[in-house]
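Peer 1:
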Amino acid sequence: MHLKSVTLKGFKSFAQPTTFAFEPGVTAIVGPNGSGKSNVVDALAWVMGEQGAKTLRGGKMEDVIFAGTSTRGPLGRAEVQLTIDNSDGALPIEYSEVTISRTLFRNGASEYAINGEGCRLLDVQELLSDSGLGREMHVIVGQGRLDTVLQASPEDRRGFIEEAAGILKHRRRKEKTLRKLEAMEANLTRLSDLAGELRRQLKPLGRQAEIAREAATIAAVVRDAKARLIADELVGLRAELADHMRAEHERHAERLVLQDRSDQLRVRIAQLEAEQRSEAVDGARRVLFSLERVQERLRGLYSLAGQR
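Sequential numbering from 1 applies to the sequence shown in the numbering used here.
The following block contains the structure:
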């Protein structure tokens, strides 16, 4: 693994995009005082996650953005891209070439990316920690930095050594895991307290639920009883309706019989009346015939008497 290139754009004195290519082995950057040699080292530290403005020889982090000159105005952001040859797989990522970029805006917003994909600062730090690179910057020795390392406390020197050996990453993960465990224990304690409170609240609720179940059972029994009563009443009403319909049918049949009998009687009466009238006419005719005979006899007697 080795650094292939670093590109600075708007970082400190580098207003224009400037790329430094590194070949395997030792590379030296030379130039007069004030030409920006230290800014290249600062860019390497910054793109790998350095968060201290003083470490970058500034008062605040926004000081890394090109501030402008008499002939050029200030820029709105600073960007650094670091390309690493990972053909030996030293970095835990499935790429033979890895590009890490960091961008800072005037409003304080910051962006990180690995091979063009946005990521977190923690992702960059964990990626570099396995290779001995990291935010402690023990791999970058700036002006006066060697004295700082030599005069550091045993605990600080231990941190430098652990990061160089790739231990610091696992230590941070362990500390992070322990913090998560502590938070989980606190959550479990709160959940236990909450469960106890819920159990206390559930006791009267359990009695209420039992009463509700009993009430539901009684209501079901009442509904069943009402349903049976209604069914029985419905059966009785249907039977009564059938009786009424049967009686009505019988009365209707009787009315038909009576009507037929009445019609027969009317016909008989008419026949009798006709017969009575016929007999009376015959009797009258006989009487008339007898009277006519008597009249004839009387006339004969009158005639005989007149002759005498």
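By construction, the Cβ of each residue, glycine as well, lies at the ideal position given by its N, Cα and C atoms.
No experiment lies behind these values; they were computed from the predicted model shown.
1) According to the Cβ coordinates, are L3 and T83 closer than 9 Å?
2) Is it right to say V294 is buried, meaning 16 or more other beta carbons lie within 10 angstroms of its own, or is it exposed?
3) Within its chain, find whatever has a CB closer than 7 Å to the CB of A15; leave out the 5 residues flanking it on each side and keep chain order.
4) List in chain order: all unbroken beta strand (DSSP E) runs of 3+ residues lying wholly within the stretch 31-107.
5) When the distance is taken between beta carbons, is G89 closer than 9 Å to S101?
6) Provide the residue span of the alpha helix (DSSP H) that contains S129, from first to last.
7) State yes or no: is the C-beta of E50 within less than 9 Å of the C-beta of G108?
8) In three-state terms, what does DSSP make of K12?
9) In chain order, what residues of the same chain have a beta carbon less than 8 Å from the beta carbon of L150, not counting five sequence neighbours either side?
10) With a threshold of 16 other CB atoms inside 10 Å of the CB of S129, please say whether the residue is buried or exposed.
11) Could you check if H138 is buried or exposed, using at least 16 other CB atoms within 10 Å of its CB as the buried criterion?
12) Verify whether the separation of the beta carbon atoms of S70 and R57 is less than 9 Å.
13) In three-state terms, what does DSSP make of H138?
14) Who are the near neighbours of P17 in its chain, counting only those whose CB is closer than 7 Å to its CB and skipping five residues on each side?
15) With DSSP run on the structure shown, which of helix, strand or coil describes E155?
16) Expressed to the nearest angstrom, what Euclidean distance is found between the alpha-carbon atoms of V287 and D260?
Peer 2: On the basis of the data shown:
1) yes
2) exposed
3) F66, R72, L75
4) 77-85, 97-105
5) no
6) 121-129
7) no
8) coil
9) none
10) buried
11) Confidence at H138 is low in this model, with a pLDDT of 46, below 50, so its placement is unreliable and no value can be given for it.
12) no
13) Unreliable placement is indicated for H138, whose pLDDT of 46 sits below 50; no coordinate value is reported for it.
14) T7, K9
15) helix
16) 41 Å
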